[in-house]
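A short write-up of the structure that comes next.
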Amino acid sequence: MPYCDQSSNGIRIFYRRCGHGSTKVLLIIGLAGTHDSWGPQIKGLTGAVEPNDEEEAPTETVGGESNTLGEEVREGDGIEVCCFDNRGVGRSSVPTEKSDYTTTIMAEDALALLDHLGWKNAHVFGHSMGAMIACKLAAMAPDRICSLALLNVTGGGFECFPKIDLQMLSLAFRFLRAKTPEQRAMVDLETHYTKEYLDECVGSCTRRDILYQDYVKAISSSGMQSNYGFEGQLNACWTHNMTSKELETIRSSGFLVTIIHGRDDIIAQLDHARRLAKKLQPVARMVELHGAHLVSHERPEEVNLALMELIKASKSKLEPEEWSHLAESESDEKRADKYESKRDTDLVT
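If you're matching positions, the sequence shown starts at 1 in the UniProt record's numbering and goes up one per residue.
In structure tokens:
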């Protein structure tokens, strides 16, 4: 199994690689999520469904210099992604002290993984808590970032609290009482997806039925997250904060940013994502889609299109002002029409 061992602190980070190419993408998942939560994006970006962990990472040579990644990508080259389990979940180490979980510490895990892979830099995409970690990584090592995508991002402290209403109170109560995979699955579905999406019919079943079976199977095989891991990752969210200096580093480092958010997200409030996008002007582009916290699953085509547009714009050295105002009025329908189910190779040239 592929692990990144941090000899300095004994932490082991489990990861998977998929796809091939000089364009590298690091995917950072959110609270309680595991690497396989990125399935729709892995398939959309690389066309691959199986990991290539056993293969040696290729090193390209451009102009006589090693180019494991880099912006100089040969025509027709593809994308390789790496997704991983954050500390505290899945197959990665689970420290028992809350102080071992902060978004800064977890960004250091991600940076160590980049070093382990031999990637000079990468396009870094994070979801929810993973987007918080991605922000810290971008501020910590801006020279390692080709572009930054923040999906359903929120802030630390009280900003990471969901909107409090009867629906959320009911879900929170049921979540705390969930002791079995079946109970946890029902709560997770209602928390992460819109009712409209769950009630859609797929053949003779609803998406709720299909996702329920998938959730139960996944939780049963990997086990429910330990209390140490869950409470530690909650601590990372609660203590997260981006300073003015860190935000300025992201604004001034020369890479483009996309912030993608579901309008119906009841976990990460849309207003925070909008405020963050304003703080990161002129390098940030805001993309709002119909969907909930897992908009990456509800609207994979539109999300993947936005991510591939970010990669293409970064490679073409698009000016930040042009990027931040790109397609501001574009509708979900128009965005979906633009998406092609098969990856167009000119997006990575």
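Here a beta-carbon is modelled for each residue, glycine too, at the ideal position from N, C-alpha and C. In this text, all values refer to a predicted model and were calculated from it rather than measured experimentally.
**Request:** Ignore the nearest five residues each way along the sequence and tell me which others in K136's own chain have a CB closer than 6 angstroms to its CB.
**Result:** T103, T104 and A107
**Asked** Secondary structure at M186, three-state DSSP: helix, strand or coil?
**Response** Correct three-state label for M186: helix.
**Prompt:** Using DSSP with H/G/I as helix, E/B as strand and the rest coil, what is T191?
**Reply:** helix
**Residues bridged to I260 [DSSP beta-bridge criterion]** = L151 and V287
**Asked** Touch check for the region 183–201 and the region 136–146: three-plus C-beta pairs under 8 angstroms?
**Response** no
**Request:** Give the range of the beta strand (DSSP E) segment to which C82 is assigned.
**Result:** I79 to F84
**Asked** Taking the alpha carbon of S222 as the point to measure from, which residue in L169, D85, G118 and M186 has its own alpha carbon closest?
**Response** D85
**Request:** With DSSP collapsed to three states, give me the class of P2.
**Result:** coil
**Prompt:** Near D264, which residues of its chain fall below 8 angstroms by C-beta distance, leaving aside the five closest residues on each side in sequence?
**Reply:** Closer than 8 angstroms at the Cβ level, and outside the excluded window around D264, lie T194, H290, G291 and A292.
**Asked** Using CA coordinates, which residue listed in I259, Q281, E321 and A32 is at the minimum distance from A273?
**Response** I259
**Message:** Just to confirm the assignment, what range does the alpha helix (DSSP H) spanning I250 have?
**Reply:** If you look at I250, you'll find it in the alpha helix (DSSP H) that goes S244 to S252.
**Message:** With H, G and I counted as helix, E and B as strand and the rest as coil, what does DSSP make of K24?
**Reply:** strand
**Request:** Tell whether a beta-carbon distance below 8 angstroms holds between L171 and L189.
**Result:** no
**Asked** Going by the CB atoms, is the gap between L45 and N304 shorter than 8 angstroms?
**Response** The Cβ atoms of N304 and L45 lie closer than 8 angstroms to each other.
**Request:** Find out if the Cβ-Cβ distance for the pair R174, V187 is shorter than 8 angstroms.
**Result:** Closer than 8 angstroms, so yes.
**Message:** Checking the sheet assignment: what are the DSSP bridge partners for H127?
**Reply:** L151
**Message:** Could you pull the DSSP bridge partners for residue 351 from this structure?
**Reply:** Because the chain in this structure spans residues 1 to 349, residue 351 falls outside the shown range and cannot be described.
**For I11, the residue or residues it bridges with in DSSP** = Q6
**Asked** Can you give the Cα-Cα distance for P40 and G157, rounded to whole angstroms?
**Response** 30 angstroms
**According to DSSP, residues forming a beta bridge with V202** = C205
**Item:** Q6 versus G33: straight-line alpha-carbon distance, rounded
**Value:** 21 angstroms
**Item:** Within 8 angstroms, strictly: CB atoms of residue 361 and V283
**Value:** Outside the shown range of the chain, which is 1 to 349, sits residue 361, and nothing can be said about it.
**Asked** With distances taken between CB atoms, is the gap from L117 to S296 smaller than 8 angstroms?
**Response** no
**Request:** Per DSSP, which residues does I145 bridge with? Please list them.
**Result:** A122
**Prompt:** Helix or strand or just coil, what does DSSP make of S220?
**Reply:** Per DSSP, reduced to three states, the secondary structure at S220 is helical.
**Message:** How far does the alpha helix (DSSP H) with L111 in it extend, from its first residue to its last?
**Reply:** T103 to L117
**Asked** For C205, does the count of other Cβ atoms within 10 angstroms reach 16, so buried, or fall short, so exposed?
**Response** exposed
**Message:** Using only the alpha-carbon positions, how far apart do L270 and Q225 sit?
**Reply:** 27 angstroms
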